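Peer 1: Encoded as structure tokens, here's the structure I'll be asking about.
Put into structure tokens, the structure is as follows:
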């Protein structure tokens, strides 16, 4: 186990260096002159030259990369051209909103996806199985941005069941910022009005974001449940006279959930992607929208920093999933050592 | 002696032909039995036909702006209504099928050969080559696909061509991994040893004898990925990083209609519906292809 862990961490380190190279490459090929967007189109040549020196664009590529690597090693992601603040500060500001939304979305896809998968395996080819299959198909085929718009149209504009896009009603005052997550902060401040309003605002984007994950989870739980249910030990449990509910939950589901762990990890990556589109539509002040704007305005440091942070999060989640997998399924660890 | 081998050859060719016929017949039976796949294939064939005959089906020129006719609701004159510049949405959706198909096909044509070459090289030579190439693909797999595609699209500048490159960049690593795994599985087989002892070069072995073995799993993977490729392209278009106006690209059209969502719902929703249907078609077909090429299914 320890050996495996060390190997994984070493691979992760190599991957991180690779990520640095790729993001640096991205910043190199950006054709638009970032200087003109800082200085403005009518800036005199001297100003542009001075800025070029200031940002180090006049140096050869390998020196630029060295500087870049050095900055990153010190945790400095540079300054965003758009907001004028350090990128790391911006990310710290916007990340909690995305984390909160993604967590609620993931929670939603797990608590709906797992039971749906189990039920469609147990009642194979029944209406519930067909329903879950159609829902999964729609979930993986739906353009997230389109579903978001349609939901806004129906549930906000036409029916008025859910509030306008955004995190909180403009009349309400945000509670003191402790974690940056509105639900947590308002709970700490015991501000119920804000808590429920934030919850209402979160419903539509979390549903849209979570549908994709739900589809994957329901699918994988169904197929692994079908696998497990045909095993001998399930028969044994039934012969022993265990109640069907116990057989399903304690004997079958526990084993069927192991593959689901991988999918949940992958889903998290999907949520990070989906947040760029979902947050754009729901005016959610999170990392996804920040990144989306940065990409459009070619805000170099924000693009590079944001992309790198997403990749880092993604890698760490994958590492945790792999370790969890080895922990849950003892056979894997033994096979590797 | 000479005639004998010739007869044998003809017999062999005949038997091979019969086997191939049987294979296609089995495939057809499996296809017919899988209703969902029939639906998926029908959608994709329709999409192909629509894309091919777009100028005939379109009732208007997709680029013609008639400002006096802006934001008209769906009628017999304009099946899907008109957009904010008075362009006929139905004609734009029909022509958009071409854009979408072109993107999907070109991404497939770029990313699968790249993945195949890298994967086969890594698997065949092993050692340092394998280590370097696979670490390289790890780096690309470390990014969520859409984020990597967006980053490259933003860096290269918006436009359909750059969107295609960006999506291909995000996609090749999974094919490389698959090709490597398949190569590892066949590399040490006896028949490869025989060919090598007959003096075949590494290149010949890789191109003629290993690559064909990787193809079926790559095709399955690609057909399962088609839907995602189209969704990514539409997402890029929606964010303004893919196709640029006035190209009739579906994602871009959804984005165009956002301002008029409340009163002119058709501008945004109908092109989005086209994306949903097509992606669904590709997903259904991909699942079906996987089942048909799966040897376990064939035996039953």
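Chains as they are written, first to last, in our numbering: chain G, 1 to 337; chain Z, 1001 to 1300. In this text, a Cβ means the ideal position worked out from N, Cα and C, and glycines have one as well. Only a predicted model underlies this, so the values are computations on that prediction, with no experimental measurement involved.
Do the region 1015 to 1028 of chain Z and the region 1063 to 1079 of chain Z make contact, defined as three or more Cβ pairs closer than 8 Å?
Peer 2: These segments do not touch.
Peer 1: Strictly under 8 Å for the Cβ-Cβ distance: is residue 267 of chain G near chain Z by that measure?
Peer 2: Cβ-Cβ to chain Z under 8 Å: no for residue 267 of chain G.
Peer 1: Cβ-heavy atom distance between residue 1129 of chain Z and the ligand SAM below 7 Å?
Peer 2: No copy of the ligand SAM occurs in the structure displayed, which carries no ligand at all.
Peer 1: Go through its chain and collect everything with a Cβ distance to residue 1280 of chain Z's Cβ below 8 Å, but skip five positions before and after it.
Peer 2: Hits under 8 Å: 1040, 1043 and 1227.
Peer 1: Counting only beta-carbon separations shorter than 8 Å, does residue 14 of chain G have a partner in chain Z?
Peer 2: So, interface residue.
Peer 1: What in chain Z is Cβ-close to residue 141 of chain G, meaning under 7 Å?
Peer 2: The answer, in chain order, is 1227, 1276, 1279, 1280 and 1283.
Peer 1: Which of the residues in the region 1219 to 1243 of chain Z, read from start to end, lie with their CB under 7 Å from any CB of chain G?
Peer 2: The region 1219 to 1243 of chain Z vs chain G, Cβ under 7 Å: 1227, 1231, 1234, 1235, 1238, 1239, 1240 and 1241.
Peer 1: Whose C-alpha, out of G:306, G:206, G:285 and G:313, is nearest the C-alpha of residue 24 of chain G?
Peer 2: The option with the nearest alpha carbon to residue 24 of chain G is G:306.
Peer 1: What span of residues does the alpha helix (DSSP H) with residue 1095 of chain Z cover, start to end?
Peer 2: First-last of the alpha helix (DSSP H) with residue 1095 of chain Z: 1089 to 1125.
Peer 1: Is residue 1292 of chain Z buried or exposed, if buried means 16 or more other CB atoms sit within 10 Å of its CB?
Peer 2: The residue is buried, with at least 16 neighbouring Cβ atoms inside 10 Å.
Peer 1: If the cut is a Cβ gap below 7 Å, which residues of chain G does residue 1139 of chain Z touch?
Peer 2: By Cβ distance, chain G contributes 15, 18, 19 and 22.
Peer 1: With which residues is residue 86 of chain G paired in a DSSP beta bridge?
Peer 2: Paired residue(s): G:79.
Peer 1: In chain order, what residues of the same chain lie with their CB nearer than 7 Å to the CB of residue 252 of chain G, ignoring the 5 residues before and after it?
Peer 2: Excluding positions up to five away in sequence, the list reads 225, 228, 229 and 234.
Peer 1: Please report the straight-line C-alpha distance between residue 302 of chain G and residue 1154 of chain Z, rounded to a whole angstrom.
Peer 2: Distance between the alpha carbons of residue 302 of chain G and residue 1154 of chain Z: 12 Å.
Peer 1: Is there a Cβ of chain Z sitting closer than 8 Å to that of residue 87 of chain G, yes or no?
Peer 2: False, the Cβ-Cβ gap to chain Z never drops below 8 Å.
Peer 1: Which residues of chain Z have a Cβ atom closer than 7 Å to the Cβ of residue 106 of chain G, listed in chain order?
Peer 2: Simply none; closest approach about 14 Å.
Peer 1: Roughly how many whole angstroms lie between the Cα atoms of residue 1203 of chain Z and residue 63 of chain G?
Peer 2: Roughly 39 Å between the two C-alpha positions.
Peer 1: Would you list, in chain order, the members of the region 303 to 323 of chain G that have their beta-carbon closer than 7 Å to a beta-carbon of chain Z?
Peer 2: Flagged, chain order: 303, 307, 310, 311, 314 and 315.
Peer 1: Using Cβ-Cβ distances below 9 Å, what residues of the region 128 to 157 of chain G are close to chain Z?
Peer 2: Answer in chain order: 133, 137, 138, 140, 141, 142, 143, 144, 145, 146, 147, 149, 150, 152, 153 and 157.
Peer 1: Pick helix, strand or coil for residue 179 of chain G, following the three-state DSSP scheme.
Peer 2: Coil.
Peer 1: Our contact map puts residue 1093 of chain Z next to residue 1080 of chain Z with C-beta atoms below 8 Å; I'd like the distance itself, whole angstroms only.
Peer 2: That belief holds up - the Cβ atoms of residue 1093 of chain Z and residue 1080 of chain Z are roughly 6 Å apart, short of 8 Å.
Peer 1: Among the residues of its own chain, which have a CB less than 6 Å from the CB of residue 1272 of chain Z, if the five just before and after it don't count?
Peer 2: Taken in chain order, the residues that qualify are 1254.
Peer 1: Between the beta-carbon of residue 1071 of chain Z and the beta-carbon of residue 1078 of chain Z, is there less than 8 Å?
Peer 2: Going by C-beta atoms, residue 1071 of chain Z is not nearer than 8 Å to residue 1078 of chain Z.
Peer 1: Give me the DSSP bridge partner(s) of residue 1082 of chain Z.
Peer 2: In DSSP, residue 1082 of chain Z forms a bridge with Z:1088.
Peer 1: Report the start-end ranges of each alpha helix (DSSP H) in the region 174 to 238 of chain G that is 4 residues or longer and not cut off at the edges.
Peer 2: The qualifying runs are 182 to 188 and 192 to 229.
Peer 1: Using a C-beta cutoff of 8 Å, does residue 1173 of chain Z count as contacting chain G?
Peer 2: No - not a single Cβ of chain G is within 8 Å of the one on residue 1173 of chain Z.
Peer 1: By Cβ distance below 8 Å, which residues in the same chain neighbour residue 1031 of chain Z in space, the five residues on each side in sequence not counted?
Peer 2: Counting only Cβ-Cβ distances below 8 Å, and skipping sequence neighbours, we find 1037, 1038, 1041, 1288 and 1292.
Peer 1: Going by DSSP in three states, residue 337 of chain G sits in which element: helix, strand or coil?
Peer 2: Summary for residue 337 of chain G: the model assigns pLDDT 40, below 50, so the residue's position carries little reliability, and this model does not support an answer.
Peer 1: With a cut-off of 8 Å on the beta carbons, I'd call residue 1116 of chain Z and residue 1192 of chain Z a contact; round off their distance for me.
Peer 2: Contact flag wrong, Cβ pair sits at about 17 Å.
Peer 1: Which runs of the alpha helix (DSSP H) fall wholly inside the region 1021 to 1086 of chain Z and span at least 4 residues, in chain order?
Peer 2: Complete alpha helix (DSSP H) runs here, min 4: 1035 to 1052 and 1054 to 1057.
Peer 1: So, using beta-carbon positions, are residue 132 of chain G and residue 222 of chain G closer together than 8 Å?
Peer 2: Cβ atoms of residue 132 of chain G and residue 222 of chain G: closer than 8 Å.
Peer 1: Residues in its own chain within less than 6 Å of residue 9 of chain G by CB, not counting five upstream and five downstream?
Peer 2: Excluding residues within five positions, none has a Cβ falling inside 6 Å.
Peer 1: For residue 175 of chain G, I'd like the list of residues in its chain whose CB is within less than 8 Å of its CB, leaving aside the five on either flank, ordered along the chain.
Peer 2: Cβ within range, chain order: 182, 185, 186, 188, 189, 191 and 194.
Peer 1: Which term fits residue 284 of chain G, buried or exposed, when burial requires 16 or more other beta carbons within 10 angstroms of its beta carbon?
Peer 2: Buried.
Peer 1: Short of 8 Å Cβ to Cβ, which residues in the region 1155 to 1173 of chain Z face chain G?
Peer 2: Under the 8 Å Cβ criterion, the region 1155 to 1173 of chain Z contributes 1155, 1156 and 1157.
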